[in-house]
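Q:
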Amino acid sequence: MSTSLQERVELLNSRFAVAQQLRFTSHDSGQVVGVVSTPVCDGEFFLHGAHVTRYRPRGFEELLFVSDEAIFRDGKAIRGGVPICFPWFGPHPTDPAAPAHGHARTHEWELTRTANSPAGALQVELHAVFDPFDVVYTIEFGSELTLSLKVTNQSPTPVTFEAALHSYFRLKDVREVAVSGLESVAFLDQLTGATEAPSNAPIRFTEETDRIYQDNLDVITISDRLANRNVVIEKRGAPSTIVWNPWIAKSQRTGDFGDEEWTQMCCIESASVGANAIELATGESHELVAKHRLVTQTP
Ligand code: BG6
1 MSTSLQERVE LLNSRFAVAQ QLRFTSHDSG QVVGVVSTPV CDGEFFLHGA HVTRYRPRGF
61 EELLFVSDEA IFRDGKAIRG GVPICFPWFG PHPTDPAAPA HGHARTHEWE LTRTANSPAG
121 ALQVELHAVF DPFDVVYTIE FGSELTLSLK VTNQSPTPVT FEAALHSYFR LKDVREVAVS
181 GLESVAFLDQ LTGATEAPSN APIRFTEETD RIYQDNLDVI TISDRLANRN VVIEKRGAPS
241 TIVWNPWIAK SQRTGDFGDE EWTQMCCIES ASVGANAIEL ATGESHELVA KHRLVTQTP
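Following our numbering, the numbering of the sequence shown begins with 1 at its first residue and continues without gaps.
#1: Cβ of I84 within 7 Å of any heavy atom in the ligand BG6?
#2: So is the beta-carbon of Q214 under 7 Å away from any non-hydrogen atom of the ligand BG6?
#3: Is any heavy atom in the ligand BG6 found nearer than 7 Å to the beta carbon of A281?
#4: Between which residues of its own chain and A277 is the CB-CB distance below 7 Å, once the five residues before and five after are set aside?
#5: Comparing alpha-carbon positions, which option in S4, R225, W244 and A97 lies nearest F205?
#6: Just to check my reading of the structure: P57 and L294 have Cβ atoms closer than 8 Å, yes? What is that Cβ distance to the nearest angstrom?
#7: Which residue marks the beginning of the alpha helix (DSSP H) containing Q123, and which one marks its end?
#8: Let me know if A164 comes out buried or exposed under the rule of 16 or more other beta-carbons within 10 Å of its beta-carbon.
#9: If you count every other CB in all the chains shown that lies within 10 Å of the CB of L226, and 16 or more means buried, which is it?
#10: Below 7 Å, is the gap between the Cβ of I242 and the nearest heavy atom of the ligand BG6?
#11: Contact check, E176 vs A201 under 8 Å by CB: the rounded distance?
#12: Can F257 and R79 be called in contact, C-beta distance under 8 Å?
#13: Only counting the same chain, and skipping five residues up and downstream in sequence, which positions put a Cβ closer than 7 Å to that of L188?
Shown next, in the form of structure tokens:
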């Protein structure tokens, strides 16, 4: 480990380690990683991108998918876990040279606080400024994984932003899961540009899928029958949901993603994008919250 990296890890441990629950260490890539182990869960996050890469409540296997081909490098987003898309989603609206999904997922965030919540969860707070936005991201590793992105407009004029908590969920086989909670919502098919009527049925993955659902705050459930578990997603301040699986050809085109890995994941993103972008007056704040929990299926 280089001296500066070692010093950084030591400083973080001296200021922010939580006895028996959180230690900082250096990842093989040379990035700093927080390793969480509490009485109710294990987890991991990087300061690079404020990126949660692991979460496993006791009694379950890992919730999140991270590609075996993920690249851990400055300037590159980690393929998997929960990247933060901010302050825009997808391509930049006017600048084709700007990075897809904004700067937050490749930014080196500042750790500002660690603590135990009154309910016993380990809370980690990270901070970043993306002019004119001041952003506080709070991760709660408890019996649920709760993510909260609080954005404040620091400019003298109103500003608009988009955001998505781009969660990659680990599945036994995407072809065997069903996603409920969006049955009655129309969606934009990003692959065709068409707006499609509500399907009135749970989502099943049979091909490349890239959809934006708007104006919906209902609970979303991924039923992963082969894993005998449900992933339950509750959200607040995030009326958009993006549902994504790259399927075969896009997986092959994506450098940091294994050709066969599309079978093991889907993304269900808690977001505010497009017509649900958030406008903030001067000094105003908005908070997007997503809670993720695992539940055993009952026969
Ligand atoms: C999803 C988008 O949110 O992210 C897709 O809807 C995109 O269009 C996917 O392909 C992955 O994006 P990236 O930039 O991480 O490869």
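Glycine included, C-beta positions come from ideal geometry on N, C-alpha and C.
A: Well, looking at it:
#1: I84: no, Cβ never under 7 Å from the ligand BG6.
#2: Incorrect: Q214 has no Cβ contact closer than 7 Å to the ligand BG6.
#3: Relative to the ligand BG6, A281 has its C-beta separated by 7 Å or more from all heavy atoms.
#4: Once the five neighbours on either side are set aside, the close Cβ partners of A277 are T160, F161 and E162.
#5: Taking only the C-alpha atoms, the option nearest F205 is W244.
#6: Confirmed, Cβ separation roughly 6 Å.
#7: Element bounds for Q123: not the alpha helix (DSSP H) but the beta strand (DSSP E), L122 to F130.
#8: By the neighbour-count rule (16 or more Cβ atoms within 10 Å), A164 is buried.
#9: With fewer than 16 Cβ atoms within 10 Å of its Cβ, L226 is classed as exposed.
#10: Yes, since a heavy atom of the ligand BG6 falls inside the 7 Å radius drawn around the Cβ of I242.
#11: Taking 8 Å as the upper bound for CB-CB distance, E176 and A201 are not in contact here, some 16 Å apart.
#12: Cβ distance < 8 Å, so F257 and R79 count as in contact.
#13: If we look at L188 and ignore the five residues flanking it on each side, its Cβ neighbours are T195, R211 and I212.
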